[in-house]
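Sequential numbering from 1053 applies to the sequence shown in my numbering.
We treat Cβ as the ideally placed atom computed from N, Cα and C, and that holds for glycine.
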Amino acid sequence: MSPNKRRAEHNATVRFAVRIVTALVRAALALLTFGAIATQLGHELSKGPPIGFRLTNFFSFFTIESNVFAAAVLLAIVAPLSRSNAPRLAMLRGAAVLYMAVTGAVYSLLLSGSQEALQTTVPWVNVVLHYFMPAAIVCDWLAAPCPLPQRYAWILARWMVFPIAYVLFSLVRGRMTGWYPYPFLNPALHGAAGVAIVVTAIAVSSVFAGALVIWYAKLRLAPRPAAARQGLHR
1053 MSPNKRRAEH NATVRFAVRI VTALVRAALA LLTFGAIATQ LGHELSKGPP IGFRLTNFFS
1113 FFTIESNVFA AAVLLAIVAP LSRSNAPRLA MLRGAAVLYM AVTGAVYSLL LSGSQEALQT
1173 TVPWVNVVLH YFMPAAIVCD WLAAPCPLPQ RYAWILARWM VFPIAYVLFS LVRGRMTGWY
1233 PYPFLNPALH GAAGVAIVVT AIAVSSVFAG ALVIWYAKLR LAPRPAAARQ GLHR
């Protein structure tokens, strides 16, 4: 067997091993997330009635929704049929990166220490949902971004649909029930102008973060010049 063929087989084996390990890590992260959410949900429901109101409130937190979404995307990526849905999964994975980055940043900057109000009173659950998983999802993208469709403005607009819908839903439901998932969404605490300022700042930051997600994938996956490729193999 020629050295080139042996090298090619070795590289193929390494790539296969990396794919297997990556899939196992992603599956483990998804299961950890679902386990953390189930643990905290059980803790909240154990407080007694009104069960329906507690359940609805629990799943009205952006933290919970973004973590559920990210975990589901991780499982979809490692599914056997994921390659046939690669473009759609790339869009979903990029969205998960954005939402989890927003979750981690907003919690760290505005909500740290509010575990009771945010219903993440189990210490390890709080760490997993607000710190560990946002960092893990972002690092996963940094290590292995995937190609996105070329319509970048369209991608970013689609990614922003969910956060905008979430804010509108939270404001309408809060007006109806008197309960808001986050203090900065409560007009009774900060006034309508205060809510508008914070929401606008988060929205602008989210658009910027989404643009960074797209830019990084484009940069990492851009074809290298032929001269550079030849230089690497000398």
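*By DSSP, does Arg1203 sit in helix, in strand, or in coil?*
coil
*C-alpha distance - Ala1123 paired with Leu1144, whole-angstrom precision*: 11 Å
*Assuming Val1259 contacts Leu1208 (C-beta within less than 8 Å), just tell me the rounded distance between them.*
Rounded, the Cβ-Cβ distance is 7 Å, consistent with contact.
*Please classify Val1265: is it buried, with 16 or more other beta-carbons within 10 angstroms of its beta-carbon, or exposed?*
buried
*asked:* Checking 7 Å against the spacing of the C-beta atoms, do Val1125 and Arg1078 come in under that value?
replied: no
*Whose C-alpha, out of Thr1085, Arg1071 and Val1250, is nearest the C-alpha of Tyr1183?*
Thr1085
*Within 10 angstroms of its Cβ, does Pro1175 collect 16 or more other Cβ (buried), or is it exposed?*
Burial call: exposed.
*If you draw a straight line from the C-alpha of Arg1106 to the C-alpha of His1095, how long is it?*
11 Å
*By how many angstroms is the C-alpha of Ala1142 removed from the C-alpha of Trp1267?*
14 Å
*Check the Cβ-Cβ distances between Arg1227 and every residue of chain B, and say whether any is below 7 Å.*
Absent from the structure: chain B. Only one protein chain is present.
*Can you tell me where the alpha helix (DSSP H) with Pro1043 in it begins and where it stops?*
With the chain covering 1053 to 1286 only, the question about residue 1043 has no answer from this structure.
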